[in-house]
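Okay, so here's the structure we're looking at.
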Amino acid sequence: MKKILLVVISICVSISMYAQRSSAFKWNEAGDAYYATEKNEIVKYQLPSFEKIVLVNKENLTPQEGSTALGIKNFFVSTDEQVFLIFTNTKKVWRYETRGDYYIFNKTTNTLKKLGKGLPESSLMFAKISPDGKKVAYVSEHNIYVEDIATQKITPLTKDGTDRIINGTFDWVYEEEFGCRDGFRWSADSKNIAYWQLDARNIRNFLMINNTDSIYSFTIPVEYPKVGEDPSSCRIAVVNIATQKSTWMNVPGSSVQHYIPRMEWANNQQLIIQQLDRKQQQSKIMLLSISTGAASNIYQESDAAWIDIKSRWNNDNPIGWEWVNNGKDFLWISEKDGWRHIYLISHEGKKETLLTKGNYDMIDYCGVDEKNGFVYFTASPNNALQKYLYKVKLDGSGDAELLSSKEQQGTHSYQISPNGLYAKHNFSNITTPPSEEWINLQTGSTIKGEIKTAKNNNGIEFFTVTTEEGVTMDGWKIMPKNFDATKKYPVVFYVYTEPGSTTVRDSYGSASTFLYTGNMAADGYIQISLDGRGTPAPKGAAWRKCIYKKVGILNVKDQAMAAKEILKWDYVDKDRVAVWGWSGGGSTTLNLMFQYGDIYKTGIAIAPVASRLTYDNIYEERYMGLPQENKEDYIQASAITHAKGLKGNLLVIHGTGDDNVHYQNTELLINELVKYNKQFSLMSYPNRTHSIREGKGTFTHLSTLFTNYIKQHCPGGGK
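Counting in this note's numbering, the sequence shown runs from 226 upward without gaps.
Shown next as structure tokens:
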């Protein structure tokens, strides 16, 4: 009987779970060692000695029919370290390589077996061995299969999977906006599998066109629910391994007017789920009986703006439910009192205890040490740009205790072992390159490595600016080399400003103009970025959520009003002001150029959402509401509405194969600019996606284009 270690605690820097993504290392279940891949071998390091043991070598991973060892994209290790699940020959599904081939290496019998015989090459997803070690389940072409490890007999557990009936995984928008990829879970007794099924048959295809890979063009369909369109129908089933019969859960409400971003086992007889309504303002936690499908609501909350989900504070990973006290309670994160806090909720939802007390935001949930009664998390009560490790008592008594060194001012990240025994600790700040150490978390002592605080003189400074409306914003700036305060210099603003991310963080490498070829400071530019209201900084829910129904309006105004104050600085040249951004930052760039042309003279917008009515429903409806109810807000927020206001120099860059922000946006923008005879520059990259990185020479071309445009229209140097 072999229990397979498939779940690793999510700890500040998320580790791969259930083959969602590859990972550099994995903790063992006891928390006193970790596994890693080195030179295509699986090794173990025992702590605290760091004794290295090779568990699987290249010869073990060389198939009989081949002469080359398997490349390891991801791996999983049984508790007794005798069975290894290897993920290899991977292919992308939208953003990540979650499809490929799986092999099982049995160390006891010294055998290497490929799973999924007869199924298409590189088609298996999210393979997981049952807790009893006898079977492995996986998804192939939207159906779930179970395979007997000993006999390699394959049994389909679902048979209705098509390109639009999706079992055990998710559609495009669930992946993009909820981080959902792995869509099934083994029960602890290995008798059942719970899974999601999405019905995307009513989702219309968005057709991208490929004009270059053949003489005749062809279309690439993407099932993509535009804002205002109903999402895919979503439901939950439990399939019995012995009978292959699925029992559907009776989750209340219309299946196309709610989302289920989280589902896990509560025990062998119950599932637990989180359900969000269409607007993502109502969250309900339900227990589901697997025998009857009956649902009971145990906990709910509402918000006038939106409710964030786990992936928002778990590095885009929604997997796992934080059960404690032998399943009697679970940990839950909520912003209902105005701050993001951790709560202890009883199994039936009848009792809750606030654990992280105070006017500050928990940033990341980092793990739990039940033996000693502590929960680990990161926060930064005194500086929203930084991050530190804290612990708080699991019973809710006492205040949070700071664990990170007060002498190391900046951003701390931790990967904590199960049971809270050890941690890998990384540190950097805006002027200090990253360094790492391994620590005994119980004593705080370093067992390997060293955190270095020597500063790199990169010329980056933090500052704040307060607008005439009384909004104080954090920013970073990089001053020109050989700066002369008697001269005036051009300024280049980097913007994003939407709820997806911040740009101002006290971590190394977070401040730069990364597309510029050469040394921008040496070429005589001031570089600046600012985070205004609506960005996800740990400044409280009011800061983050005041942007509701005002994305593209309030955040754009904050940027312009802050720039207006910066232009008062004696050494800033008002005639040489540029702005640029990518994706949401591209949208912001367009709005700034069109509405505040007296401030911004040059703009570069990369992959912008020019019309908010073209983007996906989960993102837009979360932050902007339903367009059926407030369409005017969408219109006012859209750059194309203001295109006639363009005064300065504008370069628009977009990949025609962008499945995220469709090239349609740029074509709609072109029409508006043409209508008003607004001259601009355009660079389209055929078949490139949102990242514009595919194809030989693409990044070099993009960065050269960016640099030349800045130099031509906003020349550097003091005057």
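All residues carry an ideal CB built from backbone N, CA and C; glycine is no exception.
Just so it is clear, the structure is predicted and the values come from calculations on it, not from any experiment.
* Asked: At a cut of 8 Å, does the stretch 684-704 reach the stretch 918-925 through at least three beta carbon pairs?
  -> no
* Asked: Taking the Cβ atom as the reference point for each residue, do Tyr859 and Pro852 lie within a distance shorter than 8 Å?
  -> Taking the first residue of the sequence shown as position 1, residue 859 is located at position 634. Taking the first residue of the sequence shown as position 1, residue 852 is located at position 627. Yes, the pair counts as a contact, with Cβ atoms nearer than the cut-off.
| said: Runs of 3 residues minimum, wholly inside the stretch 417-453: which ones carry the beta strand (DSSP E) assignment? | reply: 417-424, 430-435, 443-448
Would you call Gln904 buried or exposed, if buried means 16 or more other Cβ atoms sit within 10 Å of its Cβ?
Working through the sequence shown from its first residue, we reach residue 904 at position 679. Result: exposed.
message = Between Ala762 and Asp756, how many whole angstroms is the CB-CB distance? I'm expecting something under 8 Å.
response = Here the question's residue 762 lines up with position 537 in the sequence shown. Here the question's residue 756 lines up with position 531 in the sequence shown. That pair is a contact at about 6 Å.
**Asked** For Glu626, which residues does DSSP report across the bridge?
**Response** The count along the sequence shown starts at 1 and reaches residue 626 at position 401. Note: Glu626 is bridge-paired with Lys616 in the DSSP secondary-structure output.
Put Ala830 into one of helix, strand or coil per three-state DSSP. Taking the sequence shown and counting its residues from 1, the one referred to as residue 830 is at position 605. Strand at Ala830.
Let me know the secondary structure DSSP gives Trp768 once reduced to three states. Mapped onto the sequence shown, residue 768 falls at position 543. Residue state, collapsed to three classes: helix.
Per DSSP, which one or two residues make a beta bridge with Ile865?
As a working mapping, residue 865 is identified with position 640 in the sequence shown. Beta-bridge pairing links Ile865 to no other residue.
Check your understanding: Can Pro456 and Asn842 be called in contact, C-beta distance under 8 Å?
Key -> Taking the first residue of the sequence shown as 1, we reach residue 456 at position 231. Taking the first residue of the sequence shown as 1, we reach residue 842 at position 617. Result yes, Cβ atoms of Pro456 and Asn842 sit closer than 8 Å.
- Measure the alpha-carbon distance for Asp594 versus Thr760 and round it to whole angstroms. On the sequence shown, position 369 is the one that residue 594 refers to. On the sequence shown, position 535 is the one that residue 760 refers to. Roughly 32 Å separates the two Cα atoms.
### Buried versus exposed, by CB contacts within 10 Å (16 or more), Thr925
The residue you call residue 925 lines up with position 700 of the sequence shown. That one is exposed.
TODO: Given a cut-off of 8 Å, decide if Gly583 and Pro606 are closer than it, judged by their beta-carbon atoms.
DONE: In the sequence shown, counting from the first residue as 1, residue 606 sits at position 381. In the sequence shown, counting from the first residue as 1, residue 583 sits at position 358. In contact: Pro606 and Gly583 (Cβ atoms closer than 8 Å).
| Anticipated Cβ contact below 8 Å, Ile534 with Arg565, distance rounded | Here residue 534 corresponds to residue number 309 of the sequence shown, with the count starting at 1. Here residue 565 corresponds to residue number 340 of the sequence shown, with the count starting at 1. Taking the Cβ atoms as the reference, Ile534 lies roughly 12 Å from Arg565, outside the contact range of under 8 Å.
- What residue range is occupied by the uninterrupted alpha helix (DSSP H) comprising Ala785? Residue mapping note: residue 785 aligns to position 560 of the sequence shown, counting from 1. Start and end: 779-791.
Where the alpha helix (DSSP H) through Tyr773 begins and ends: By 1-based counting over the sequence shown, the position of residue 773 is 548. From DSSP, Tyr773 is part of no alpha helix (DSSP H); its letter is neither H nor E.
- prompt: Contact between the stretch 795-813 and the stretch 892-908: three or more CB pairs below 8 Å?
  reply: The stretch 892-908 and the stretch 795-813 do not touch, with fewer than three beta-carbon pairs separated by less than 8 Å.
So Ala425 packs on Phe409, CB below 8 Å; how close in whole Å?
Taking the first residue of the sequence shown as 1, we reach residue 425 at position 200. Taking the first residue of the sequence shown as 1, we reach residue 409 at position 184. Not really, about 17 Å apart at Cβ, beyond 8 Å.
Neighbourhood of Leu930 by C-beta distance below 8 Å, restricted to the same chain and skipping five residues each side: Reading the sequence shown from its first residue, position 705 is the one you call residue 930. Taken in chain order, the residues that qualify are Leu876, Ile878, Met908.
- Pick from Ala830, Ile831, Asn816 that is closest to Ile824, judged by C-alpha positions: For the purposes of this step, residue 824 is taken as the residue at position 599 of the sequence shown. Among Ala830, Ile831, Asn816, the Cα nearest to that of Ile824 belongs to Asn816.
Requested in this report: Compute the Euclidean distance between the alpha carbons of Lys451 and Asn539, then round it to the nearest angstrom.
Outcome: On the sequence shown, residue 451 is found 226 positions in, with the first residue counted as 1. On the sequence shown, residue 539 is found 314 positions in, with the first residue counted as 1. For Lys451 and Asn539, the distance between alpha carbons rounds to 26 Å.
Measuring CB atoms only, is the stretch 726-740 touching the stretch 665-676, in the sense that at least three cross pairs come out at less than 8 Å?
no
**OP:** Give the range of the beta strand (DSSP E) segment to which His637 is assigned.
**Re:** Residue 637 sits at position 412 when you count from the first residue of the sequence shown. From DSSP, the beta strand (DSSP E) with His637 extends over 636-641.
TODO: Indicate whether Phe687 and Trp701 have their beta-carbon atoms separated by less than 8 Å.
DONE: As a first step, residue 687 is located in the sequence shown; it is residue number 462 there, counting from the start. As a first step, residue 701 is located in the sequence shown; it is residue number 476 there, counting from the start. Yes, the pair counts as a contact, with Cβ atoms nearer than the cut-off.
| query | For Asp798, is the classification buried or exposed, using 16 other Cβ atoms within 10 angstroms of its Cβ as the cut-off for buried? | reply | Here residue 798 corresponds to residue number 573 of the sequence shown, with the count starting at 1. Buried, since its Cβ has 16 or more Cβ neighbours within 10 Å.
**Prompt:** Opposite Pro381 in the DSSP bridges: which residues?
**Reply:** As a first step, residue 381 must be located in the sequence shown, where it is residue number 156. Partner(s): Tyr370.
Q. So Asn842 is in the alpha helix (DSSP H); what residue range does that whole segment cover?
A. On the sequence shown, residue 842 is found 617 positions in, with the first residue counted as 1. That run of the alpha helix (DSSP H) goes 842-849.
Item to complete: Look up Glu263 in the DSSP assignment and give the residues it is bridged to.
Response: As a working mapping, residue 263 is identified with position 38 in the sequence shown. The partner list for Glu263 (beta bridge, DSSP) reads Glu266.
Q. Could you give the distance in angstroms between the alpha-carbon of Ser630 and the alpha-carbon of Ser638?
A. Reading the sequence shown from its first residue, position 405 is the one you call residue 630. Reading the sequence shown from its first residue, position 413 is the one you call residue 638. If you take the alpha carbons of Ser630 and Ser638, they lie about 12 Å apart.
Classify Asp624 as buried or exposed, calling it buried when 16 or more other Cβ atoms lie within 10 Å of its own Cβ. As a first step, residue 624 is located in the sequence shown; it is residue number 399 there, counting from the start. Flag for Asp624 reads exposed.
Check: Nearest-angstrom Cα distance between Thr742 and His938?
Finding: Walking along the sequence shown from the start, residue 742 turns up at place 517. Walking along the sequence shown from the start, residue 938 turns up at place 713. One C-alpha to the other measures close to 16 Å.
I'd like the list of long-range same chain contacts for Asn682, defined as Cβ closer than 8 Å, with 5 residues on each side in sequence excluded. Here residue 682 is taken as the residue at index 457 of the sequence shown, counted from 1. Closer than 8 Å at Cβ, skipping near neighbours: Thr656.
Just to confirm before moving on: does the CB-CB distance between Glu573 and Ile523 stay below 8 Å?
Translated into the one-based positions of the sequence shown, residue 573 becomes position 348. Translated into the one-based positions of the sequence shown, residue 523 becomes position 298. Yes, the Cβ-Cβ distance between Glu573 and Ile523 is below 8 Å.
How about Gln861 and Ile772: are their beta carbons less than 8 Å apart?
-> For this step, residue 861 is matched to residue 636 along the sequence shown. For this step, residue 772 is matched to residue 547 along the sequence shown. Their beta carbons are not under 8 Å apart, which means Gln861 does not touch Ile772 by this criterion.
Q. CB-CB under 6 Å to Glu588, same chain, minus the five flanking residues each way: which ones, in chain order?
A. Counting from 1 along the sequence shown, the entry for residue 588 is found at position 363. Looking at the sequence itself, residue 588 is Ile, so the reference to Glu does not match. Answer for Ile588: Thr603, Ala604, Lys612, Pro763, listed in chain order.
Q.
Considering just the uninterrupted stretch of the alpha helix (DSSP H) at Met818, what are its terminal residues?
A. Position 593 of the sequence shown, counting from 1, holds the residue named residue 818. Looking at the DSSP string, the run of the alpha helix (DSSP H) that includes Met818 is 809-820.
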